[in-house]
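**Q** So for the sequence shown, the working numbering puts the first residue at 1447; every next one is plus one.
For each residue, glycine too, the CB sits at the ideal point set by N, CA and C.
Okay, here's the structure, questions in a sec.
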Amino acid sequence: MKTSAFPGAFFVHASAAVAAAPRACGKLPAKISNEPEQHVAGWRFLVIFGTGLFLAGCSNLAYYGAAARGQLDLWWRARPVEAVLADPATPPALQARLAQSQAARRFAVDVLALPDNASYRRYADLERPYAVWNVIATPPDSLTPWPFCPPLIGCLPYQGFFSREAAEQHAAELRAQGLEALVYGVAAYSTLGWFADPLLNTFLYNTDAELAGLIFHELSHQQVFVEGDVAFNESLASFVEEAGTRQWLLSQPQGEAALATWQTRRARFATTNASVLAARADLEQLYAARPADWPARKTERLAQLRAELETLWRRHGLEPRGFWFDTPLANPQLSLVATYHALVPGWQRLFDAQSASWPGFWQAARQLAKLPADTRLACLRGEQTASDLRAETCPQSRSGRASASSPACHARLTALLAGGACRGRRGKAFQRAYFQRSSSLSGMPSSIGPPVTVSGFT
């Protein structure tokens, strides 16, 4: 979870997963790497960072400078996993987690057809519970995130910081402009293949299954990524995380039992998601109607949601704390749910249409990424295809609109995508009109997965 750092990231996307409460895995001394790979990454970083500063303008120099320092500090701390495993000072618990991470990394390449590169083959202990802190903001009467539009990667619904203090300061500035703003910790982020992303200590607070899923999620962003289309990118990565983790667990000793445990945890998240999505739908209707007493009715609905979540958690023997409880509920928390999970069912349909073949799935996903934003959305939602798809691509529904919901349609659409017959813009129109149009995403169906990995609710 399902987001940045390089928080400002001209090229960076951070995972939406919020780390669970830290548990000691053992600290490692920082070590400078003199490997050529690190020098190459450093030069590439300087070139891209300098370009980003030129494009960003003087007003953002301090922000991007802080982002650069944070990224360089991360690289400074990174060591090859093999060296950490061979170090007699490495705690056994950390050795076990890192060994599991490398097994999952091999599975990602061999089975899930994810990139075979240097990412997640180094380890860095940041000595803090989160990799970055994201800020997300919305108007008081909208669930559409206020966009952050750095150079080179398009608009994002959040802005990331390596420093919590800087994130809190930015959130205060947004609140002074009349927005609702939320600061939340993020366990992981991706440089989208520009650099070799290391494993972080913040990854290791998760279970083995969640650690594997996080690696699958982040590598997915390196495989297929569309500028400015967060819902597309995050739903794709969330699907790969869920489907990949399921396959990974079944490949392990006592896999059936591990899968059952993981599914129980996911089901708990599903109940949280259902309550949040119901409240989100109610608030969307309220904001659209804007009755005179909408602020009071908003407060009442959020209080109702808070009570529902507290009851749910206590029913499972858990203390209400973390993402849904540490701060008053407001629009930003609810806006994250649809952003990251709304299109997951569409990816499942596309995967099934490829006979559950991961190479075939990635080929279809790349072709889908080339379509205009509206067409991508229609295909994944299982609704009308856009005008640049031929009318005969999908059978007509009773309403007379072309529907992508039938197996026959999916087979034809898959063949069309594989043949490259539909090519279009890469989301530029979506990027230019992000705030005006992204509110249309709120009506999408949601997967059962969690919007975040919530502390304690595992």
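Once the 5 residues before and after E1756 are set aside, which same chain residues still bring their CB inside 6 Å of it?
**A** Closer than 6 Å at the Cβ level, and outside the excluded window around E1756, lie P1766.
**Q** Three-state secondary structure (DSSP) at Y1733?
**A** Residue state, collapsed to three classes: helix.
**Q** Taking the DSSP output, what are the residues bridged to L1568?
**A** The question names Leu, but residue 1568 is Arg in the sequence shown. Bridge partners of R1568: P1526.
**Q** Hey, which unbroken runs of the beta strand (DSSP E) at 3 residues or more fall wholly within the segment 1586–1640?
**A** For the segment 1586–1640, whole beta strand (DSSP E) runs of length 3 or above, ordered along the chain, are 1605–1607 and 1626–1632.
**Q** How is L1682 classed by DSSP in three states: helix, strand or coil?
**A** Correct three-state label for L1682: helix.
**Q** May I ask you to verify whether the segment 1772–1785 touches the segment 1618–1630, counting CB pairs closer than 8 Å and requiring at least 3?
**A** They touch, by the three-pair rule.
**Q** Around the C-beta of S1684, are 16 or more other C-beta atoms found within 10 angstroms, so that it is buried, or is it exposed?
**A** Result: buried.
**Q** Straight-line CA distance for L1748 to V1581?
**A** Cα to Cα, L1748 sits roughly 20 Å from V1581.
**Q** Please list the terminal residues of the continuous alpha helix (DSSP H) segment that includes T1584.
**A** That residue, T1584, is in no alpha helix (DSSP H); its beta strand (DSSP E) goes V1578 to T1584.
**Q** Please confirm whether E1687 and H1663 have their CB atoms less than 8 Å apart.
**A** Going by C-beta atoms, E1687 is nearer than 8 Å to H1663.
**Q** Could you tell me whether any Cβ in chain B is nearer than 8 Å to the Cβ of A1713?
**A** The chain labelled as chain B is not found in the depicted structure, where only one protein chain is given.
**Q** Can you list, in chain order, the residues of its chain whose CB lies under 7 Å from that of Y1576, leaving out five sequence neighbours each side?
**A** Once the five neighbours on either side are set aside, the close Cβ partners of Y1576 are A1465, G1631, V1632, A1633 and T1648.
**Q** CB-CB under 7 Å to L1665, same chain, minus the five flanking residues each way: which ones, in chain order?
**A** A1554, L1560, P1561 and S1565.
**Q** Assuming A1550 and V1670 are in contact, meaning their beta carbons sit under 8 Å apart, how far apart are those beta carbons, in whole angstroms?
**A** So it is not a contact: roughly 20 Å between Cβ atoms.
**Q** Based on the DSSP output, what are the partners of L1823 in its beta bridges?
**A** For L1823, which the question treats as bridged, DSSP gives no partner whatsoever.
**Q** Cα-Cα, which of Q1541, G1624, Q1750 and A1677 is closest to Y1604?
**A** Closest option to Y1604, Cα to Cα, is A1677.
**Q** What are the start and end residues of the alpha helix (DSSP H) that includes G1792?
**A** Looking at the DSSP string, the run of the alpha helix (DSSP H) that includes G1792 is V1790 to A1799.
**Q** Leaving aside the five residues before and after R1752 along the sequence, list all residues of the same chain whose C-beta is less than 6 Å from its C-beta, in chain order.
**A** Excluding sequence neighbours, R1752 sits near L1775.
**Q** What are the residues that DSSP puts in a beta bridge with I1758?
**A** It is worth fixing the name first, because residue 1758 is Leu in this sequence and not Ile. In the DSSP output, where bridge partners are listed per residue, L1758 has none listed.
**Q** Determine the DSSP secondary structure at L1645, reduced to helix, strand or coil.
**A** L1645: strand per DSSP, three-state reduction.
**Q** Just checking, does the segment 1651–1661 make contact with the segment 1687–1700 on the three C-beta pairs under 8 Å criterion?
**A** Flag = yes, the segment 1651–1661 and the segment 1687–1700 touch.
**Q** Classify F1671 as helix, strand or coil using the three-state DSSP reduction.
**A** Three-state DSSP puts F1671 in coil, outside helix and strand.
**Q** Does the count of Cβ pairs from the segment 1582–1593 and the segment 1726–1736 closer than 8 Å reach three?
**A** The segment 1582–1593 is in contact with the segment 1726–1736.
**Q** In the structure shown, what three-state DSSP assignment does N1777 receive?
**A** DSSP places N1777 in helix when its eight states are reduced to three.
**Q** For Q1700, which of helix, strand or coil comes out of DSSP?
**A** Residue state, collapsed to three classes: coil.
**Q** On the DSSP letters alone, give me the boundaries of the alpha helix (DSSP H) that W1808 sits inside.
**A** Note, W1808: alpha helix (DSSP H), W1804 to A1815.
**Q** For the putative contact between V1783 and L1823, defined by C-beta atoms under 8 Å, what is the C-beta separation to the nearest angstrom?
**A** About 17 Å; that fails the 8 Å criterion.
**Q** In or out: G1624 buried (at least 16 other Cβ within 10 Å) or exposed?
**A** When all chains shown are included, G1624 counts as exposed.
**Q** Using DSSP with H/G/I as helix, E/B as strand and the rest coil, what is P1538?
**A** Correct three-state label for P1538: helix.
**Q** Measuring straight from C-alpha to C-alpha, what distance separates L1531 and A1545?
**A** Going from the Cα of L1531 to the Cα of A1545 covers about 8 Å.
**Q** Kindly list the residues whose CB is nearer than 6 Å to the CB of T1536, restricted to its own chain and excluding five residues on each side of it in sequence; keep chain order.
**A** V1530.
**Q** Report the option in A1727, R1743, A1720 and P1778 whose CA atom is closest to the CA atom of L1758.
**A** If we check each option's Cα against that of L1758, A1720 comes out closest.
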